[in-house]
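Colleague: My questions will all concern the structure given below.
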Amino acid sequence: MAVRDGVVAWLGGDEVGRRMFPDAVVEDLDGGFVAPGFVDSHIHLTATGLTLSGLDLRGAGSQVQCLQMVAAYAAAHPGQPVWGHGWDEASWPENRPPSTADLDAVLGDRPAYLARVDVHSAFASTALRRLATELPAEAGYSAESPLLGDAHHRVRAVARGLLTADQLADARAAALRAAAAAGIVAVHECAGPEIAGIDDWLQLRALDQGVEVIGYWGEPVSSPDQAKELMAATGAHGLAGDLFVDGALGSRTAWLHEPYTDAPERTGTCYLHAEAVEAHLRACTQAGVTAGFHVIGDAAVTTVVDALERVVADLGPVAVARCGHRLEHVEMVSADQAAKLGQWGVIASVQPNFDALWGGPDGMYAQRLGTQRGSRLNPFALLASQGVPLALGSDAPVTGFDPWVSVRAAV
Numbered sequence: 001m002a003v004r005d006g007v008v009a010w011l012g013g014d015e016v017g018r019r020m021f022p023d024a025v026v027e028d029l030d031g032g033f034v035a036p037g038f039v040d041s042h043i044h045l046t047a048t049g050l051t052l053s054g055l056d057l058r059g060a061g062s063q064v065q066c067l068q069m070v071a072a073y074a075a076a077h078p079g080q081p082v083w084g085h086g087w088d089e090a091s092w093p094e095n096r097p098p099s100t101a102d103l104d105a106v107l108g109d110r111p112a113y114l115a116r117v118d119v120h121s122a123f124a125s126t127a128l129r130r131l132a133t134e135l136p137a138e139a140g141y142s143a144e145s146p147l148l149g150d151a152h153h154r155v156r157a158v159a160r161g162l163l164t165a166d167q168l169a170d171a172r173a174a175a176l177r178a179a180a181a182a183g184i185v186a187v188h189e190c191a192g193p194e195i196a197g198i199d200d201w202l203q204l205r206a207l208d209q210g211v212e213v214i215g216y217w218g219e220p221v222s223s224p225d226q227a228k229e230l231m232a233a234t235g236a237h238g239l240a241g242d243l244f245v246d247g248a249l250g251s252r253t254a255w256l257h258e259p260y261t262d263a264p265e266r267t268g269t270c271y272l273h274a275e276a277v278e279a280h281l282r283a284c285t286q287a288g289v290t291a292g293f294h295v296i297g298d299a300a301v302t303t304v305v306d307a308l309e310r311v312v313a314d315l316g317p318v319a320v321a322r323c324g325h326r327l328e329h330v331e332m333v334s335a336d337q338a339a340k341l342g343q344w345g346v347i348a349s350v351q352p353n354f355d356a357l358w359g360g361p362d363g364m365y366a367q368r369l370g371t372q373r374g375s376r377l378n379p380f381a382l383l384a385s386q387g388v389p390l391a392l393g394s395d396a397p398v399t400g401f402d403p404w405v406s407v408r409a410a411v
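Counted from 1, the sequence shown has number 245 at position 245 by the UniProt record's numbering; the numbering is strictly sequential.
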């Protein structure tokens, strides 16, 4: 392999290569494997950096250990708000998260935001809750349990506002360094008003630290003109990514046709109704813009596939396929739906590490859905067999930057 100015210039046998480039500096890799740089198709850079430089709760093996980690971090960083990520009660012996009172007992009157590993719920200290005005009126509010939906988005925005510009800048730089160290040369930032806001995205867009940042903006539109205006205002690559149709299985907010096995009174949450999904797809297709959604539960997938079918019937399959619409996660998809997505050129942006972490007969999927339903998630081979392009990503900070682990999990 010959490399010129950082670009692969030629591939072939050693003898021919040496003749073609007689003055080249030879680096003998001693049988090593050379791979192209990876592209992580779904990440959240600033949140990833905050996890790398702050309180990472993914290693907590119990509720008690989680609270101990929170207390230790708070003691080591006096006077600062606490931002943490990664707790997962599904793997704890208590099988339940701490309450607000539990958190206050170790933090006192200290603002703290601690996101679940899937970032679709969080527990917040009383001090932080006080700063979020009219929080009890928001959907998803609970006085003692983790916050969901709009209530979660409200406290997350307030907690983010407590961080300094230097903290945020350092977090972004740390995330990009970690990506580069993992062999990642470009990332797809899934930004949006409910994730980190426009200011964060514009800061990310302005970065020039070696790893290319490609952005998708998750905000619905209802007309082609609105789609074009939003694209111009954000500089995004598409109006896709984390435009939430539903939530996540771990937080029991993924939208299901049938109830959760471990919570029979719940079927998850619909965040974007069918009419809005169809309007967004139609407007983006007419504008020639990539549209997309976050979909995990089977009811959410059905809503989007049905809306796509109506848009295809009106505008034609070529117009839809030309846009390269995306579905993020798409964990619960049927064979019939996969065939349609393949015909329409829809890209599946998937996270194989989810299955590695939460699959299997004793994993979180089986807890939430039962063994039979839980075993049918993330059918990558089915999607690929139907011609659906697969783009692999980490959803960092949900899982870490480790592309080869993702490849192994997918296989």
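Just so it is clear, CB atoms sit at the ideal spot from N, CA and C, and this is done for glycine as well.
(1) Considering only DSSP beta bridges, list what Ala85 is partnered with.
(2) Closest to Ala132 by C-alpha separation, out of Ala112, Ala180 and Thr285, would be which residue?
(3) Does the Cβ-Cβ distance between Val106 and Leu67 come in under 7 Å?
(4) Just mark Leu377 as buried or exposed, buried being the case when its beta carbon has 16 or more other beta carbons within 10 Å.
(5) Can you find the residues in the same chain that come closer than 8 Å, C-beta to C-beta, to Glu278, ignoring five residues on each side of it along the sequence?
(6) On the three-pair Cβ rule with 8 Å, is the segment 224-243 touching the segment 81-101?
(7) Please tell me whether Val301 and Val295 are closer than 7 Å, where the distance is taken between their beta carbons.
(8) Going by CA-CA distance only, name the one from Arg252, Phe293, Leu239 and Tyr260 that's closest to Ala287.
(9) By the three-class DSSP mapping on this structure, what secondary structure does Tyr271 have?
(10) Along the chain, where does the alpha helix (DSSP H) that runs through Ser385 open and close?
(11) With a threshold of 6 Å on Cβ separation, who are the neighbours of Ala291 within its own chain once the five nearest residues in sequence on each side are excluded?
(12) Identify the residues that DSSP records as bridge partners of Ser349: which are they?
(13) Could you say which of Val350, Trp344 and Leu114 lies nearest to Val330 if we only look at CA atoms?
(14) Does the distance from the C-beta atom of Ala122 to that of His152 stay below 7 Å?
(15) Which residues in the same chain as Arg172 place their Cβ atom closer than 6 Å to its Cβ, once the five residues preceding and following it in sequence are excluded?
(16) Buried or exposed: which applies to Val213, given that a residue is buried once 16 or more other Cβ atoms fall within 10 Å of its Cβ?
(17) Evaluate Ala165 with the Cβ neighbour count: other Cβ atoms within 10 Å of its Cβ, from every protein chain shown; 16 or more gives buried, anything less gives exposed.
(18) Out of Asp242, Glu328, Glu229 and Leu162, point me to the one whose CA is closest to Pro193's CA.
(19) Helix, strand or coil, according to DSSP, for Ala396 in the structure here?
(20) Could you have a look at Trp201 and say whether DSSP puts it in helix, strand or coil?
(21) Report the CB separation of Ala299 from Trp255 in whole angstroms; it is logged as a contact under 8 Å.
(22) Sorted by chain position, which residues of the same chain lie with C-beta nearer than 6 Å to Gly342's C-beta, five sequence neighbours on each side aside?
(23) Beta carbon of Pro361, beta carbon of Ala410: below 7 Å?
(24) So, helix, strand or coil for Trp404, using DSSP?
(25) To the nearest angstrom, report how far apart residue 430 and Ile198 are at their CA atoms.
(26) Using the Cα positions of Leu272 and Asp246, report the straight-line distance between them to the nearest angstrom.
(27) Count the other CB atoms, across all protein chains shown, that sit within 10 Å of the CB of Ala115; report buried if there are 16 or more and exposed otherwise.
(28) Hey, quick one: how far does the beta strand (DSSP E) through Asp40 stretch, first residue to last?
(29) Could you tell me the alpha carbon to alpha carbon distance between Gly17 and Ala338, rounded to whole angstroms?
(30) Would you give the residue range spanned by the alpha helix (DSSP H) that Ala124 belongs to?
(31) Output the residue ranges of the alpha helix (DSSP H) runs that lie fully inside the segment 167-215 and measure 4 residues or longer, sorted by chain position.
(32) Could you work out which residue in Pro78, Thr261, Ala127 and Pro36 is closest to Pro403 when comparing CA atoms only?
(33) Hey, how far is the Cα of Ala182 from the Cα of Asp102?
(34) Looking at C-alpha atoms only, which residue of Ala263, Cys270, Thr261 and Ala233 is the closest neighbour of Phe244?
Modeller: This is what the structure gives:
(1) Here residue 85 corresponds to residue number 85 of the sequence shown, with the count starting at 1. One point to set straight first is that residue 85 is His, not Ala, in the sequence displayed. DSSP output for His85 lists Asp56 and Ala115 as bridge partner(s).
(2) On the sequence shown, residue 132 is found 132 positions in, with the first residue counted as 1. Ranking Ala112, Ala180 and Thr285 by CA distance to the CA of Ala132 puts Ala112 first.
(3) As a first step, residue 106 is located in the sequence shown; it is residue number 106 there, counting from the start. As a first step, residue 67 is located in the sequence shown; it is residue number 67 there, counting from the start. Going by C-beta atoms, Val106 is nearer than 7 Å to Leu67.
(4) Taking the sequence shown and counting its residues from 1, one reaches residue 377 at position 377. By the 10 Å Cβ count, Leu377 comes out buried.
(5) Here residue 278 is taken as the residue at index 278 of the sequence shown, counted from 1. Ala307, Arg310 and Val311.
(6) With the rule of 3 Cβ pairs closer than 8 Å, the segment 224-243 does not count as touching the segment 81-101.
(7) Along the sequence shown, one-based indexing puts residue 301 at 301. Along the sequence shown, one-based indexing puts residue 295 at 295. Yes, these two residues count as a Cβ contact at 7 Å.
(8) Locating residue 287 in the sequence shown gives position 287, counting from the first residue. Minimum Cα distance to Ala287 is reached at Leu239.
(9) Mapped onto the sequence shown, residue 271 falls at position 271. The answer is coil: DSSP assigns Tyr271 none of H, G, I, E or B.
(10) Taking the first residue of the sequence shown as 1, we reach residue 385 at position 385. Boundaries of the alpha helix (DSSP H) around Ser385: Phe380 to Ser385.
(11) What you label residue 291 is simply residue 291 of the sequence shown in a count that begins at 1. Hits under 6 Å: Leu239, Ala240, His280, Leu281, Cys284 and His325.
(12) Looking up residue 349 in the sequence shown gives position 349. Glu328 and Ala391, per the DSSP bridge assignment.
(13) Position 330 of the sequence shown holds residue 330. It is Val350 whose Cα lies nearest to the Cα of Val330.
(14) Here the question's residue 122 lines up with position 122 in the sequence shown. Here the question's residue 152 lines up with position 152 in the sequence shown. Result yes, Cβ atoms of Ala122 and His152 sit closer than 7 Å.
(15) Position 172 of the sequence shown, counting from 1, holds the residue named residue 172. Cβ neighbours of Arg172 beyond the five flanking positions: Leu45, Thr46 and Gly49.
(16) Along the sequence shown, read from residue 1 onward, the residue named residue 213 stands at position 213. Under this definition Val213 is a buried residue.
(17) Residue 165 sits at position 165 when you count from the first residue of the sequence shown. The residue in question, Ala165, is exposed, as its Cβ has fewer than 16 Cβ neighbours within 10 Å.
(18) Residue numbering aside, residue 193 sits at position 193 when the sequence shown is read from its first letter. If we check each option's Cα against that of Pro193, Asp242 comes out closest.
(19) Position 396 of the sequence shown, counted from the first residue, corresponds to residue 396. Residue state for Ala396 is assigned as strand, using DSSP reduced to three classes.
(20) As a working note, residue 201 is residue 201 in the sequence shown. In the structure shown, the three-state DSSP call for Trp201 is helix.
(21) Along the sequence shown, one-based indexing puts residue 299 at 299. Along the sequence shown, one-based indexing puts residue 255 at 255. Cβ atoms of Ala299 and Trp255 come within 8 Å of each other, at about 4 Å.
(22) Here residue 342 refers to the residue found at position 342 when the sequence shown is read from its first residue. Correct list, in chain order: Gln386, Gly387 and Val388.
(23) Residue mapping note: residue 361 aligns to position 361 of the sequence shown, counting from 1. Residue mapping note: residue 410 aligns to position 410 of the sequence shown, counting from 1. Result no, Cβ atoms of Pro361 and Ala410 do not sit closer than 7 Å.
(24) As a working note, residue 404 is residue 404 in the sequence shown. In the structure shown, Trp404 sits in a helix (DSSP, three-state: H, G or I).
(25) As shown, the chain starts at 1 and ends at 411. That puts residue 430 outside it, with no answer to give.
(26) Within the sequence shown, residue 272 is the residue found at index 272, counting from 1. Within the sequence shown, residue 246 is the residue found at index 246, counting from 1. In a straight line, the C-alpha of Leu272 is about 7 Å away from that of Asp246.
(27) What you label residue 115 is simply residue 115 of the sequence shown in a count that begins at 1. Buried: at least 16 other Cβ atoms inside 10 Å.
(28) For this step, residue 40 is matched to residue 40 along the sequence shown. For Asp40, the enclosing beta strand (DSSP E) starts and ends at Phe38 to Ile43.
(29) For the purposes of this step, residue 17 is identified with residue 17 of the sequence shown, where counting begins at 1. For the purposes of this step, residue 338 is identified with residue 338 of the sequence shown, where counting begins at 1. The alpha-carbon atoms of Gly17 and Ala338 are separated by roughly 44 Å.
(30) Here residue 124 refers to the residue found at position 124 of the sequence shown. Run containing Ala124: none in the alpha helix (DSSP H); it sits in the beta strand (DSSP E), Ser121 to Ala124.
(31) Counting whole runs of 4 or more residues, the segment 167-215 contains the alpha helix (DSSP H) stretches 197-205.
(32) In the sequence shown, residue 403 corresponds to position 403, counting from 1. The residue with the shortest Cα to Cα distance from Pro403 is Pro36.
(33) If you number the sequence shown from 1, residue 182 lands on position 182. If you number the sequence shown from 1, residue 102 lands on position 102. Going by the C-alpha atoms only, they are around 37 Å apart.
(34) Working through the sequence shown from its first residue, we reach residue 244 at position 244. Cα-wise, what sits closest to Phe244 is Cys270.
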